[in-house]
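Below: the structure, in structure tokens.
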Amino acid sequence: MTTFSAGATLREAWNDTIAHVPTLLLTWLASVAVAVAGLIVYWVIFLLFSALDDGSGVGAGMGAIFGQLSSIPFSLLQSLISVLFTAIPAIYYQRGEGVVSFADVYSLLMSRLGRYFLAGVLFTVASTVGIFLCFLPGIIVLASAPIYVNKVFTTDLSVWDCFTSSFASVYGSEKGWALVGLQLLAFLLAFVTCGFFIIGLIIYVPLVTFFLQLYVSRCGLVRAAA
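Residue 0 is where the sequence shown starts when you use numbering that gives the first Met the number 0, and the numbers rise one by one after that.
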């Protein structure tokens, strides 16, 4: 296990983020493209039903309902693509060599799409229920996200084992609790970044994901490259 140094880790995370700019940019464009496609499909369906409306409003109402239903697959796909922003550094530090290309992550996503979909549903339900029940349980679940995503994408553990073992990794050691603190600090700094220069978030968020994944790898919270 390598000794953790915040300064050295931040510099390395910055260099790795810069190296992955093309991959991150393509991932972002793919997410935007899916969102736009979903929006177009929604409005096409809505306008078609509205054109057939007899003035009662039933047609427009049905158009809105079917439009929303048609947008669900696009929303799910966009969510999966968004997770790649965390998966890219996780895969990179796990394999320990070569920049992760967009083709790499796309191929991986498509090869085990069902696994990632199930993992996303489980995590979303758990965090949402936790937030609505008492807020704090939801935050506890969300804090395990860096390790959970790492394990889902870089191991062959079942989705449930990835979920439960992530809690053990985060809340079972001082290094895990330090990860919680780092995420809280990153969240607070995001407000400062957004307040001064909103475009700074475009750089800040990827840098944070690389930093957190490098941290969990260096501190032995997840499996690292040999």
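Virtual Cβ for every residue (Gly too), placed ideally from N, Cα, C.
Predicted, not measured: the structure shown is a model, and the values here were computed from it.
Under the DSSP assignment, Cys161 falls in the alpha helix (DSSP H) whose first and last residues are 158–170. Sequence-distant partners of Leu47 (beyond 5 residues in either direction) whose C-beta falls short of 8 angstroms from its own C-beta, in its chain, are Gly62. By the Cβ neighbour-count rule, Ala102 is exposed, with fewer than 16 other Cβ atoms within 10 Å of its own. Note on Phe190: under 16 other CB atoms within 10 angstroms of its CB, so exposed under the neighbour-count rule.
With a cut-off of 8 angstroms on Cβ pairs, the region 214–221 is in contact with the region 171–190, counting three or more such pairs.
Of the residues Ala7, Leu107, Arg94, the one whose Cα lies closest to the Cα of Ile80 is Leu107. Looking from the CA of Cys218, the closest CA among Ala36, Cys133, Tyr92 belongs to Tyr92. With distances taken between CA atoms, Leu183 lies nearest to Ala144 out of Gly6, Gly37, Ala144, Thr26. Excluding its 5 nearest sequence neighbours in each direction, Cys161 has C-beta neighbours in its own chain below 8 angstroms: Ala118, Tyr147, Lys150, Val151, Thr154, listed in chain order. A Cβ-Cβ distance of about 5 angstroms is found for the pair Val40 and Ser69, placing them in contact under the 8 angstroms criterion. Closest in C-alpha terms to Val169, from the list Val140, Leu156, Phe186, comes Val140. DSSP places Thr153 within a helical segment (H, G or I) once states are collapsed to three. Ala34 places its beta carbon 8 angstroms or farther from that of Ser49. Boundaries of the alpha helix (DSSP H) harbouring Arg217: 199–217, taken from the DSSP string.
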